[in-house]
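Colleague:
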DNA sequence: ATCGTTCATCGTCGATATACGATGAACAGA
DNA sequence: TCTGTTCATCGTATATCGACGATGAACGAT
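Chains as they are written, first to last, in my numbering: chain C, 636 to 753; chain V, 636 to 753.
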């Protein structure tokens, strides 16, 4: 999430830039946020308090994690009275899945082409 | 990368625990490390200095990034004279790809079943 | 109007990430 | 043996993360 070298190469197999990718990956790279995603995907919707009850974390902490997921675009939110309705953005999840899969599979494939074992 | 709530649920569609997953994701969640992976996958092998020449980073910084990728199991290394031979572990990349894809696709699918838009 | 609930934000604290330069070990070659 | 190269590690500085409690805003219910 910081300064990056400029590389004069095509951004590889039709996927995002490293910065966009790493932003999404960072949002995913925390056990609590993975659990939140899983939980969110299993219910129609839920509010912050629901998540607090699931995870053994303070409400403010959960709110922070939700904000990170929100800013990464993996989750959407709409105020609902005194609650906040959270739900996963399935399109965003699929897009990220494709981007990550594209990156990793392309790297693995290219590596296998080169073949030479270490 | 820290304390996590205990959740009394199956770990979801046949993939790793959140901790294992997030460890791999964290290694991937940095633009420089993504670039290193891409670069590594495009050559038979390379040494630390090669990567330093690609990225605009100090040698010590690159060495750190390589260590992170190494400890996450995404990259392998073997000493080669005064160099260090680095190469991607394509099996590990594919495994991570499947795990991430499994997680995200399962979440997206479950969310779409529930259907209710926010 | 008042009370209780829900939530986002602020301030704080400790741990960790990220970057760098400096240093020393390991090695190849002269 | 001496020199230059390569690399990992150490030490350091700064920024950010991840956790918490406290606070105040927004809202529903009485």
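Built from N, CA and C at the ideal position, the CB exists for glycine as well.
1. Assign residue 688/C to buried or exposed, taking buried as 16 or more other Cβ atoms, counted over all protein chains shown, within 10 Å of its Cβ.
2. Of all the residues that make up the segment 675-702 of chain C, which are near chain V by a beta-carbon distance shorter than 9 Å?
3. Name the one or two DSSP bridge partners that residue 714/V has.
4. Let me make sure I understand the geometry here. Which of 656/C, 709/C and 660/C has the alpha-carbon closest to that of residue 742/V?
5. Starting from residue 674/V, trace the alpha helix (DSSP H) in both directions and tell me its first and last residue.
6. Quick one: what's got a C-beta closer than 8 Å to residue 690/V's C-beta in the same chain, skipping five residues either side?
7. With distances taken between CB atoms, is the gap from residue 701/V to residue 678/V smaller than 8 Å?
8. Roughly how many whole angstroms lie between the Cα atoms of residue 722/C and residue 712/C?
9. Identify which residue in 731/C, 740/C and 699/C has its Cα closest to the Cα of residue 658/C.
10. In three-state terms, what does DSSP make of residue 681/V?
11. Identify the continuous alpha helix (DSSP H) that holds residue 760/V and give its terminal residues.
12. Determine the direct distance from the alpha carbon of residue 740/C to that of residue 676/C, and round the result to whole angstroms.
13. Going by DSSP, what residue range makes up the alpha helix (DSSP H) through residue 696/C?
14. Can you find a CB in chain V that lies within less than 8 Å of the CB of residue 719/C?
15. Using a Cβ-Cβ distance cut-off of 8 Å, determine whether residue 666/C contacts chain V.
16. Using a C-beta cutoff of 8 Å, does residue 707/V count as contacting chain C?
17. Quick check on residue 716/C - is its C-beta less than 8 Å from some C-beta in chain V?
18. Would you say the beta carbon of residue 704/V is closer than 7 Å to some non-hydrogen atom of the ligand ZN?
19. Identify, in the order they occur along the chain, each residue of the same chain with its Cβ nearer than 7 Å to the Cβ of residue 703/V, setting aside the five sequence neighbours on each side.
20. Going by beta carbon distance, what residues of the same chain come within less than 6 Å of residue 727/V, once the five residues before and after it are set aside?
21. Assuming residue 720/V and residue 680/V form a contact by the criterion Cβ under 8 Å, report the distance between their Cβ atoms to the nearest whole angstrom.
22. Counting only C-beta atoms, is residue 704/C closer than 8 Å to chain V at any point?
23. Helix, strand or coil for residue 663/C, going by three-state DSSP, please let me know.
Modeller: On the basis of the supplied data:
1. exposed
2. 675, 676, 677, 678, 679, 680, 689, 690, 691 and 692
3. 719/V
4. 709/C
5. 666-677
6. 667, 670, 671 and 697
7. no
8. 6 Å
9. 731/C
10. strand
11. Any question about residue 760/V goes unanswered here, given that chain V covers just 636 to 753.
12. 26 Å
13. 694-706
14. no
15. yes
16. no
17. no
18. The ligand ZN is not among the ligands present in this structure, which contains no ligands whatsoever.
19. 662 and 668
20. 708 and 709
21. 5 Å
22. no
23. helix
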